[in-house]
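So in the working numbering, the last one in the sequence shown is 582, and the numbering has no gaps at all.
Where a beta carbon is used, it is the ideal one built from N, C-alpha and C, also for glycine.
Just so we're clear, the structure is a prediction, and the values are computed from it rather than from any experiment.
The structure under discussion appears below in the form of structure tokens.
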Amino acid sequence: MDNKTTNTAVNPFVALFIIIVFGGLFGFKYYFYQQAVNVPKLNHIKASPSGDIFIRLGEELYDYTPSGELNRIINLTELNIADHFGGFDFFSNGDILINRDEFLPNFKDRIDTFRREANTNQSKPKLGLGLQRCDLTTLTCTLFTDQIPMLQSAFDIFIDTITDDVYIADTSRHHIRKLDNNGNVLAEITSDLAFPNQLWLEDDTLWIIDTNHHQIKAVKADTNTFGTLIEEHKTTLFDQHIWPSAFTKVANKWWVSISNNAMADAKIVTYSQHWKKGKSLDLDNNADPISLLALNDKVLITDANQYALYQFDFEGKRLVDFASENKTAGIQSTLQSNKQKAAQLILWSDYCLWAAIALFIPIFIFALFQAKSDDAKKKEQASLVVDQALPESLSIDGEWLESKAKFKVLQWFSGIAFVFLIISGIGLIITFKDKVTIDLIILMAVVPFIFIIMLPIRTLSRLKIGFFNDHVSIETPEGRLISSPYHEIKWNNRAFVISEWVVPIGHPAHSIFPYERLTELLLPRVLESNKLTEKELRKYQWHSPDGTLKATSLALVLGIIMILVLERESILSFISTNGILS
């Protein structure tokens with residue numbers, strides 16, 4: 001009888017330990033990375049009619065004089081503005097127009113963003129939400145308009161302080177809207193744009209960054225002929241730097257921020273008044289300039305990725321960063337603190353990844369050597385069985401085998417572990433309350449993930465196997481007795497089949513049942529003609545009541561889904577960067 005095999009069973013305790021350790025490391029890696037992403041970053045910068053400069057950093061607006069003196073810091077939560085995104089601008093009386101929303105993008109929303117899919121949601125603002133006109137003196141806000149859909153994605157605002165007309169680039173819907181100072185829609189552009197971003201009004205001409213058409217367009221701004229094309233200009237830099245997103249007029253030149261395919265690592269390029277390409281500005285590596293503001297003698301640029309607030313003169317020469325004289329207070333101290341915090345969190349995230357890699361390598365090497373050693377032991381056991389001429393005679397009561405003691409312990413240990421994880425998950429939900437996100441839910445999915453893996457092992461360890469001279473019987477966990485004569489038993493070196501049950505033989509070191517005695521009692525009595533191939537055995541395993549193969553497949557799918565969701569930012573960024581979804 002040929003008993004050679006290279007298949008080995010895995011110790012469930014070792015498997016559980018590896019799953020917990022690697023799952024924990026990847027969970028912490030994602031947690032630290034997500035915390036770094038959530039560290040407040042610079043966003044839009046605008047000048048008020050009084051000449052003050054307002055810079056948004058996270059949930060705060062820093063009010064500065066053009067010379068860099070801090071006037072005040074406005075916490076947006078005082079205006080009931082939370083998780084704000086998109087642009088803002090000022091009316092002629094100093095009121096700010098800013099969006100209030102409770103929108104948290106889900107996984108599909110993020111995919112749509114990276115695929116640059118149009119937003120088809122036409123929902124109007126709910127009570128208390130929408131564009132708010134806020135008095136920064138009294139810190140009171142009123143709804144500006146309910147005539148347009150809720151702005152639940154990137155957008156930009158430009159207000160003509162002469163007429164107080166409002167121009168809105170509804171980026172993901174590919175629309176431009178013109179509203180009066182009471183929030184009434186005067187005119188719209190609903191075609192020939194692809195993800196419009198920043199707007200700029202000059203005389204009666206509205207300049208638009210048409211990001212996905214890689215252009216800057218000039219259209220008529222008056223209500224009657226609104227949107228009529230005047231001119232358009234291609235704004236690309238390199239093969240990948242083709243996505244313009246922000247710009248400003250500097251004297252008689254245009255400065256344009258152009259990003260790569262991942263909408264990152266942007267360059268700022270100067271163009272002449274006739275749109276002839278000039279030089280690129282000296283920004284930090286991997287810069288992410290969000291907004292540009294031209295003053296009387298300098299240009300300010302917010303860099304979200306580098307936590308930098310650049311200053312340039314009109315010739316494009318870099319100056320000292322804005323408000324950098326005071327390193328202990330104001331926006332610069334906050335930027336430095338946030339940058340260090342983000343860098344530390346990214347480092348911890350990297351440590352978790354390095355730890356996982358460092359653990360994987362020795363485990364993999366150990367597994368290779370262990371497999372070689374196990375194969376040798378398997379061959380030795382097989383030769384012993386072959387040398388046995390006749391099967392031993394058994395008593396009329398037969399001989400019953402039960403699972404090893406450590407698997408009996410596993411039966412109650414797995415139950416306790418599952419209850420503990422459930423209680424921990426409920427504790428997390430109670431602790432985080434409203435902050436429960438899809439990411440936290442995915443991390444909690446390790447509970448059913450472990451349960452799916454451990455349940456089949458727990459079921460199999462409760463089987464009892466009885467060997468008699470002419471047949472073999474199994475007692476199921478429900479107490480049902482199933483028997484089969486030896487000449488009908490299908491088998492291979494990993495398992496044998498009785499009725500619909502696939503009973504594991506396993507491996508000398510890690511089998512559920514006493515391996516040596518099991519093979520001594522079984523293998524001399526079964527027929528060589530009934531030996532199954534691996535493919536044939538898997539068909540039986542798929543239908544076996546213990547569900548081992550189904551559970552393994554489901555656990556694999558869940559594991560892949562968990563990794564895809566937890567690492568979605570990196571995956572989507574990679575897909576977008578390589579143009580897979582473009």
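Beta-carbon spacing of residue i, residue j below 7 Å
i, j, result
"Asn261", "Pro40", "no"
"Pro514", "Leu401", "yes"
"Ser257", "His44", "no"
"Phe195", "Thr171", "yes"
"Leu281", "Thr223", "no"
"Gln306", "Asp284", "yes"
"Leu300", "Phe322", "yes"
"Phe155", "Tyr167", "no"
"Leu42", "Thr248", "no"
"Ser123", "Phe90", "no"
"Phe467", "Glu399", "yes"
"Phe407", "Ser473", "no"
"Ser403", "Phe32", "no"
Whole-angstrom distance between residue j and residue i, CA atom to CA atom
i, j, result
"Asp52", "Asn212", "33 Å"
"Leu293", "Gly68", "14 Å"
"Lys464", "Leu481", "9 Å"
"Gln332", "Gly183", "36 Å"
"Leu558", "Phe369", "30 Å"
"Lys298", "Asp146", "38 Å"
"Gly330", "Tyr62", "8 Å"
"Ala36", "Met562", "20 Å"
"Leu347", "Ala266", "24 Å"
"Leu564", "Tyr30", "11 Å"
"Ile512", "Ser484", "21 Å"
"Gln541", "Arg494", "11 Å"
"Glu117", "Arg173", "9 Å"
"His175", "Pro125", "17 Å"
"Lys341", "Lys535", "53 Å"
"Leu151", "Asn99", "8 Å"
"Val526", "Trp491", "8 Å"
"Glu528", "Ile426", "53 Å"
"Ser92", "Asp288", "30 Å"
"Thr137", "Leu335", "26 Å"
"Leu309", "Ile423", "46 Å"
"Glu232", "Met263", "22 Å"
Where the beta strand (DSSP E) through residue i begins and ends
i, result
"Lys253", "Lys253 to Ser259"
"Trp542", "No beta strand (DSSP E) contains Trp542, which is instead part of the alpha helix (DSSP H) from Glu534 to His543."
"Gly307", "Note on residue identity: the sequence assigns Tyr, not Gly, to residue 307. From DSSP, Tyr307 is part of no beta strand (DSSP E); its letter is neither H nor E."
"Val269", "Lys267 to Tyr271"
"Asp63", "Glu60 to Tyr64"
"Ala495", "Ala495 to Ile498"
"Phe226", "Neither: Phe226 is in no beta strand (DSSP E) and is coded neither H nor E."
"Lys249", "Trp243 to Val250"
"His487", "Run containing His487: none; DSSP gives neither H nor E here."
"Phe195", "Run containing Phe195: none; DSSP gives neither H nor E here."
Continuous alpha helix (DSSP H) stretch holding residue i: start and end
i, result
"Arg173", "Neither: Arg173 is in no alpha helix (DSSP H) and is coded neither H nor E."
"Glu520", "Tyr515 to Leu522"
Contacts around residue i, its chain only, beta-carbon distance under 6 Å, and the 5 residues preceding and following it disregarded
i, result
"Phe496", "Ile489 and Val503"
"Cys352", "Leu25, Phe28 and Lys29"
"Asp160", "Leu201"
"Gln295", "For clarity, residue 295 is Leu in the given sequence; the question names Gln instead. The answer, listed in chain order, is Pro66."
Nearest candidate by alpha-carbon position, reference residue i, set the options
i, options, result
"Leu25", "Ile268, Ile357 and Lys220", "Ile357"
"Arg538", "Thr548, Asn530 and Ile162", "Thr548"
"Thr142", "Ile148, Leu131, Met150 and Pro149", "Leu131"
"Gly128", "Ile81, Ala169, Phe85 and Thr163", "Ile81"
"Asp203", "Phe238, Thr163 and His174", "Thr163"
"Gly87", "Asn93, Thr65, Gly58 and Leu564", "Gly58"
"Leu199", "Leu193, Asp192, Ile208 and Ser191", "Ile208"
"Phe314", "Lys279, Asn326, Leu139 and Gln34", "Lys279"
"Ser393", "Asn305, Lys408, Asp470 and Leu345", "Asp470"
"Asp585", "Asp170, Ile148 and Ile74", "Outside the modelled stretch of the chain, which goes from 1 to 582, sits residue 585, for which no answer is possible."
"Ala304", "Asn286, Asn296 and Phe312", "Asn286"
"Glu475", "Lys46, Met454 and Glu500", "Glu500"
"Thr140", "Gly94, Lys178, Asp180 and Ala169", "Gly94"
Neighbourhood of residue i by C-beta distance below 7 Å, restricted to the same chain and skipping five residues each side
i, result
"Ile230", "Thr205, Ala218, Val219 and Lys220"
"Lys277", "Val269 and Tyr271"
"Asn530", "Ile489, Lys490 and Trp491"
"Asn252", "Gln273"
"Trp255", "Phe247, Thr248, Ile268, Thr270, Leu292 and Val299"
"Gln240", "Asn260 and Asn261"
Other residues of its chain near residue i: CB distance less than 8 Å, five sequence neighbours each side excluded
i, result
"His214", "Lys234, Thr235, Thr236, Ile242, Trp243 and Pro244"
"Asp192", "Leu229"
Closer than 6 Å: residue i CB and nearest the ligand ADP heavy atom
i, result
"Lys253", "Among the ligands in the structure shown, none appear at all, so the ligand ADP cannot be discussed."
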